[in-house]
Amino acid sequence: VLSEKDRINFIRKAFVLIDLHGKLLIADREFIGKEWFSHLLAFELNFVIRLRKGMYRKPIEDSGYSYEELEMKATRKGYSQAIFTVCGQKYRIEMWRSDNKGEPIIYLITNVLNKKRIGKQYAKRWKIEYCRFGGPI
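In terms of our numbering, the sequence shown opens at residue 33 and continues consecutively.
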């Protein structure tokens, strides 16, 4: 797993080779961090990244949402979402019901605010990984 600094350098090098402005980065739970997110935003790169349960709970609740109610809605209806702010930047959390009994909810963060259910793109990533490697790598 790359350190936050290594990930930032990797994206910087990728931008030299490919125009990634406005593209969508889909990543798993290891690819998180405030500095990482701020660099993705500076590069004008959209992202959908899986979170661990409870991450960003305080800023979500500070934005007027109940974390537990969002989880209950995701469990009941299959999906819930909320927009919240960290360091002046708005993000959306999407919670998706999962068939995995060990992890009944998938938590995603995105900077894409104008398209609901952007987390469906994360599901594509998961399917590719599962087909290629027979399960999570």
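We put the beta carbon where it would ideally sit given N, CA and C, even for glycine.
Everything numeric in this text was worked out from a predicted model, so none of it was measured.
**Prompt:** So Phe116 and Ser95 are in contact, right, with Cβ under 8 Å, and what is the actual spacing, rounded?
**Reply:** Approximately 4 Å separates the beta-carbon atoms of Phe116 and Ser95; this is inside 8 Å, confirming the contact.
**Message:** Suppose contacts are defined by Cβ-Cβ distances below 8 Å. Is Gly65 in contact with Glu36 by that definition?
**Reply:** yes
**Asked** Closest by CA to Tyr123, which one among Gly134, Phe75, Phe42, Leu140?
**Response** Leu140
**Item:** DSSP three-state assignment for Glu126, whether helix, strand or coil
**Value:** Looking at Glu126 - three-state DSSP - the assignment turns out to be strand.
**Three-state class that DSSP yields for Leu52 in the structure shown** = coil
**Request:** With a floor of 3 residues, list each beta strand (DSSP E) that falls wholly inside the region 57-122, ordered by position along the chain.
**Result:** 78-83, 111-118
**Request:** Taking all protein chains shown into account, decide if Ala74 is buried (16 or more other Cβ within 10 angstroms of its Cβ) or exposed.
**Result:** exposed
**Cβ neighbours of Leu72 in the same chain (closer than 6 Å, five flanking residues each side left out)** = Phe79
**Prompt:** Going by other Cβ atoms of all chains shown within 10 Å of its Cβ, with 16 needed for buried, is Ile138 buried or exposed?
**Reply:** Answer is buried; the Cβ neighbour count reaches 16.
**Item:** Ile150 - DSSP class collapsed to helix/strand/coil
**Value:** coil
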